[in-house]
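Here the structure comes first, spelled out in structure tokens, and everything after it is commentary.
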Amino acid sequence: MLVDMDYFYAACEELRHPEFKGKPLIVGNASANDKTRGVVQTCNYEARAFGIHSGMPLSDAFKLKPDVNYLESDEGYYERESLQIMAMLRSYSFRMEVMSIDEAALDLDGMDYGEALELAKKVKKSITERFGLKCTIGISSTKTYAKMACDAAKPDGLLVIEDSQVLEFISGKNIGKLPGIGKKTGSILNGMGVHTIGEIAKLDPTLLMTKLGSFGIEIYLTAKGKDPSKVIEQGAALSISRERTISFRPASAEALDKMLHTLADEVWDELNKQGYWFRGVSLKVRYNDFTEHIKNRSFSNNEGSKELIYESAKKMLEGVEKGKRIRKIGVRVFGLVQRKGQKTLA
Ligand SMILES: [Mg+2]
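Using the numbering used here, you'd call the opening residue of the sequence shown number 18 and step up by one each time.
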């Protein structure tokens with residue numbers, strides 16, 4: 018079962034800004050008074066009706082709908098919402114994979130399609146009642162097919178593709194609908210005269226292996242109805258982060274250091290509140306030209322100390338490009354592991 022929240026960032030914003038509900042809304046990565054730079058991160062369906070979509074430069078989006086409502090993204094807020102949603106979803110399956118901030122795959126091994134459908138209805142209802150949000154759910158024999166079912170049912174949908182329906186469901190679809198096939202792989206396949214998923218299944222797998230490596234074999238199997246994907250339990254995609262915008266003049270080294278202390282404190286407080294250890298720290302720096310510098314450091318053990326968050330971030334900050342003006346700085350902990358003896362927030 019693949020659960021994907023509908024237009025998640027924008028939906029979270031509609032929760033605390035009900036005045037935007039029913040009106041076109043964009044959440045993007047530029048500040049509200051400098052919103053022509055940067056890109057659309059998420060937009061609601063009212064904005065999509067004007068041709069706006071995620072990944073689009075904000076300047077293009079404002080051309081399509083000059084008076085569209087705009088909010089700068091607040092990732093810390095979306096992550097707090099996500100953690101609670103994920104904690105609730107976790108209670109429905111003993112094996113769950115967090116695929117992204119707004120998407121999870123639940124292993125329903127042992128259930129038949131009828132039972133899975135009932136569970137999915139329950140999950141959709143709980144998400145609406147407890148969080149005021151909508152999601153789409155896809156159910157199928159494997160993770161990839163469930164994801165494709167989910168994609169086909171958006172928004173606010175629920176679609177079951179049983180084993181016997183899989184080949185018919187996927188074969189006629191464009192290769193771009195297969196998770197993991199982006200522009201680059203897509204154009205390699207197009208160059209081989211392949212446009213639909215069904216056509217991948219007719220290729221010689223050794224040729225696919227030569228062109229695309231092991232991914233070629235994966236998509237070959239998936240196209241044949243033998244998707245090898247599995248739900249892998251891990252906390253790696255869960256994270257907690259805090260960030261600060263530097264609005265006016267460039268920050269001094271001392272000011273940046275102070276900011277790191279504050280961010281580490283805040284992340285640490287949230288970790289305590291949520292009851293997690295972490296296995297990695299990441300530092301994000303956004304420059305004035307909107308380019309970003311992201312560095313990660315992973316640990317082999319579950320860690321829990323404010324000093325470690327600060328020290329790691331500090332070390333990573335030393336590696337940033339000197340002379341470039343920093344506009345935003347963020348600290349994230351990831352690879353979250355539930356502390357023993359603490360209940361989840363569900
Ligand atoms: Mg989503």
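Every residue gets a Cβ at the ideal spot worked out from N, C-alpha and C, and that includes glycine.
As the structure is a computational prediction, the values presented were derived from the model and not from experiment.
Indicate, with yes or no, if ligand 1 has a heavy atom lying under 8 Å from the CB of residue i.
i: Met18; result: no
i: Phe25; result: yes
i: Asp119; result: yes
i: Met105; result: no
i: Asp173; result: no
i: Asp286; result: no
i: Tyr165; result: Before going on, a small fix: residue 165 reads as Met here, not Tyr. No, Cβ of Met165 sits at least 8 Å from all heavy atoms of ligand 1.
i: Met333; result: no
i: Met22; result: yes
State yes or no: is the C-beta of residue i within less than 9 Å of the C-beta of residue j?
i: Glu260; j: Lys323; result: no
i: Lys164; j: Asp21; result: yes
i: Leu325; j: Ser256; result: no
i: Ala240; j: Ser204; result: no
i: Leu288; j: Gly321; result: yes
i: Ile156; j: Leu150; result: no
i: Lys82; j: Ile102; result: no
i: Ala122; j: Lys160; result: yes
i: Pro172; j: Asp282; result: no
i: Leu75; j: Tyr87; result: yes
i: Arg114; j: Asp126; result: It is Glu, not Arg, that sits at residue 114 in the sequence shown. Cβ distance not < 9 Å, so Glu114 and Asp126 don't count as in contact.
i: Phe148; j: Ala166; result: no
i: Val298; j: Ala272; result: no
i: Met209; j: Leu136; result: no
i: Trp294; j: Arg356; result: yes
Give me whichever residues DSSP pairs with residue i in a beta bridge.
i: Ala121; result: Val20, Val115
i: Thr262; result: Lys345
i: Gln369; result: Not covered by the structure: residue 369. The range shown for the chain is 18 to 363.
i: Tyr87; result: Ile43
i: Asn313; result: Ser299
i: Ser256; result: Phe351
i: Thr8; result: This structure leaves residue 8 out entirely; the chain is present only between 18 and 363.
i: Cys60; result: Ile43
i: Glu320; result: Phe295
i: Asp213; result: Reading off the sequence, residue 213 comes out as Thr, not Asp. Answer is Asn191, bridged to Thr213.
i: Pro74; result: Val56
Alpha carbon to alpha carbon, how far is residue j from residue i? Give it in angstroms, no decimals.
i: Arg97; j: Thr59; result: 17 Å
i: Lys275; j: Glu89; result: 24 Å
i: Ser99; j: Glu92; result: 10 Å
i: Gly233; j: Ile343; result: 41 Å
i: His34; j: Ala28; result: 10 Å
i: Ala78; j: Ser48; result: 15 Å
i: Gly193; j: Tyr237; result: 14 Å
i: Val248; j: Met128; result: 15 Å
i: Leu42; j: Thr153; result: 20 Å
i: Pro245; j: Glu36; result: 45 Å
i: Val337; j: Asp306; result: 14 Å
i: Ala270; j: Leu334; result: 10 Å
i: Ala363; j: Asn46; result: Because the pLDDT at Ala363 is just 33, under 50, the model does not fix this residue reliably, and the point stays unresolved.
i: Thr202; j: Lys301; result: 29 Å
i: Ser181; j: Phe351; result: 39 Å
i: Glu250; j: Leu277; result: 31 Å
i: Ala169; j: Asp84; result: 30 Å
i: Leu225; j: Val177; result: 30 Å
i: Gly340; j: Lys332; result: 18 Å
i: Ala254; j: Val56; result: Confidence at Ala254 is low in this model, with a pLDDT of 49, below 50, so the placement of that residue should be treated as unreliable; the coordinate-derived value is given next. Rounded to the nearest angstrom, the two C-alpha atoms are 22 Å apart.
i: Leu220; j: Glu309; result: 40 Å
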